[in-house]
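> Residue -9 in this note's numbering sits at position 1 of the sequence shown; the count goes up by one each step and never skips. Note that beta-carbon positions come from the ideal geometry of N, C-alpha and C, so glycine has one too.
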Amino acid sequence: MYTIERQEDICIYLRKILDNSGVYHQALLIYFNVANIQ
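1) Suppose the cutoff is 7 Å on Cβ atoms and the five residues either side in sequence are ignored; what does the same chain contact list for Leu18 look like?
2) Does the distance between the C-beta of Asp9 and the nearest non-hydrogen atom of the ligand FAD fall short of 8 Å?
3) Where do the ends of the alpha helix (DSSP H) carrying Asn26 lie?
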């Protein structure tokens, strides 16, 4: 079972991976932009 703290740790871990890859970072920005439009 995941706790809020564990979810935050996963988010931080994923964010570090995304920060190391510009392509994934751009894809994330595009995803949020599309989500905001809809």
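From the atom records:
1) Leu8
2) Annotation note on the ligand FAD: not contained in the displayed structure, which lists no ligands.
3) Gly12 to Ile27
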